[in-house]
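J.: To start, I am sharing the structure in question, which I have written as structure tokens.
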Amino acid sequence: MNAKAKHIIIRAINSSEFNRVSSCNSAKEMWDRLKVTYEGTNQVKDAKISMLVYDSELFSMNEDEDIKSMFTKFTNIINALQSLDKTYSNSELVRKILSQQKEIWWKTKQEFHQEGESSKKEEVVCYECNKPGHYKSDCPQLKKKEFTKKKKAMVATWDDCDESSSDEDTRE
1 MNAKAKHIII RAINSSEFNR VSSCNSAKEM WDRLKVTYEG TNQVKDAKIS MLVYDSELFS
61 MNEDEDIKSM FTKFTNIINA LQSLDKTYSN SELVRKILSQ QKEIWWKTKQ EFHQEGESSK
121 KEEVVCYECN KPGHYKSDCP QLKKKEFTKK KKAMVATWDD CDESSSDEDT RE
């Protein structure tokens with residue numbers, strides 16, 4: 001049985017790998033040496049897992065990256081973790097992708113909203129001053145007029161207060 005297993009392993013590997021395992025006495029020893037070579041020890045495996053978990057937790061889409069390449073990058077991280085026996089539930093994976101989509105959607109919405117506002121305001125003409133680029137409610141001339149009206153109203157109320165206080169002084 002051992003000879004048959006050794007023969008299967010030798011037939012499956014290339015010459016450089018054969019040089020690593022040729023001195024082994026059993027198929028189990030060959031297998032363990034190949035396993036350490038390609039998977040590493042438990043410490044190496046744990047280090048790889050922690051590095052990939054860190055990458056998955058800090059995963060985000062770059063500004064110059066499209067959705068397809070972002071998803072490919074995410075899939076590569078998850079597949080590497082699965083090959084090291086670290087798995088996530090589908091709900092965790094979906095939540096992670098959707099959190100990225102939320103940020104993308106929000107950025108796109110803000111850009112679209114800003115572009116939309118600027119193009120709309122360029123077409124608008126104010127009914128107060130007949131100048132383009134703003135509405136009557138935002139008109140600087142109208143705001144100046146309202147401010148002067150309020151200023152006059154405040155002067156009138158202060159005058160009323162002064163007269164009433166002088167009337168009280170004369171009554172006493």
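Residues in the sequence shown are numbered from 1 upward in steps of one, following the numbering used here. No residue lacks a Cβ here, since even glycine has one placed at the ideal position from N, Cα and C.
1. Note down the Cα distance separating Val-53 from Thr-37, rounded to an integer number of angstroms.
2. Is there contact here, the region 83-92 with the region 46-61, by at least three beta-carbon pairs under 8 Å?
3. With 16 other CB atoms within 10 Å as the buried threshold, where does Lys-35 fall?
4. With distances taken Cα to Cα, identify the nearest neighbour of Ile-78 among Asp-64, Leu-58 and Glu-29.
5. Where Ser-15 and Val-94 are concerned, what is the direct C-alpha to C-alpha distance, given to the nearest angstrom?
6. Answer with buried or exposed for Phe-18, where buried requires no fewer than 16 other C-beta atoms within 10 angstroms of its C-beta.
7. Given the structure, does Glu-39 come close to the ligand NAP, in the sense that its CB is under 6 Å from one of the ligand's heavy atoms?
8. How is the alpha helix (DSSP H) around Val-52 delimited, first residue to last?
9. How would you call Val-44, buried or exposed, if buried means at least 16 neighbouring beta carbons within 10 angstroms?
10. Note down, in chain order, each residue of its chain lying with its Cβ closer than 8 Å to the Cβ of Asn-62, except the 5 sequence neighbours on either side.
11. For Lys-145, is the classification buried or exposed, using 16 other Cβ atoms within 10 angstroms of its Cβ as the cut-off for buried?
12. Ordered along the chain, which non-local residues of its own chain (more than five positions away) have a Cβ less than 6 Å from that of Ile-10?
13. In angstroms, rounded to a whole number, what distance separates the CA positions of Trp-31 and Gln-82?
14. Taking Cβ positions, are Gln-141 and Glu-123 nearer each other than 7 Å?
15. Starting from Lys-4 and walking both ways along the alpha helix (DSSP H), at which residues does that stretch end?
16. Here's the rule: buried if 16 or more other CB atoms are within 10 angstroms of the residue's CB, otherwise exposed. What is Ala-27?
T.: On the basis of the supplied data:
1. Translated into positions along the sequence shown, residue 53 becomes position 53. Translated into positions along the sequence shown, residue 37 becomes position 37. Cα to Cα, Val-53 sits roughly 22 Å from Thr-37.
2. Enough Cβ pairs lie closer than 8 Å, so yes.
3. Along the sequence shown, one-based indexing puts residue 35 at 35. By the neighbour-count rule (16 or more Cβ atoms within 10 Å), Lys-35 is not buried but exposed.
4. Within the sequence shown, numbered from 1, the residue matching residue 78 stands at position 78. Of the candidates Asp-64, Leu-58 and Glu-29, the one whose C-alpha sits nearest the C-alpha of Ile-78 is Leu-58.
5. For the purposes of this step, residue 15 is taken as residue 15 along the sequence shown, with counting starting at 1. For the purposes of this step, residue 94 is taken as residue 94 along the sequence shown, with counting starting at 1. When rounded, the separation of the alpha-carbon atoms in Ser-15 and Val-94 is 43 Å.
6. Here residue 18 refers to the residue found at position 18 when the sequence shown is read from its first residue. When all chains shown are included, Phe-18 counts as exposed.
7. Only the bare structure without any ligand can be found here, which leaves the ligand NAP out of the picture.
8. Taking the first residue of the sequence shown as position 1, residue 52 is located at position 52. Contrary to the premise, residue 52 reads as Leu rather than Val in this sequence. Start and end: 42-57.
9. As a first step, residue 44 is located in the sequence shown; it is residue number 44 there, counting from the start. Val-44 should be labelled exposed.
10. One-based indexing of the sequence shown puts residue 62 at position 62. Contacts found: Met-70.
11. Numbered from 1 along the sequence shown, position 145 holds the residue referred to as residue 145. Exposed.
12. Mapped onto the sequence shown, residue 10 falls at position 10. Counting only Cβ-Cβ distances below 6 Å, and skipping sequence neighbours, we find nothing.
13. As a position in the sequence shown, residue 31 is number 31, starting the count at 1. As a position in the sequence shown, residue 82 is number 82, starting the count at 1. CA-to-CA, the gap between Trp-31 and Gln-82 works out to about 21 Å.
14. In the sequence shown, the residue the question calls residue 141 occupies position 141. In the sequence shown, the residue the question calls residue 123 occupies position 123. Going by C-beta atoms, Gln-141 is not nearer than 7 Å to Glu-123.
15. Counting from one through the sequence shown, the residue named residue 4 turns up at place 4. According to the DSSP assignment, Lys-4 belongs to the alpha helix (DSSP H) that extends over 2-12.
16. Within the sequence shown, numbered from 1, the residue matching residue 27 stands at position 27. The residue is buried, with at least 16 neighbouring Cβ atoms inside 10 Å.
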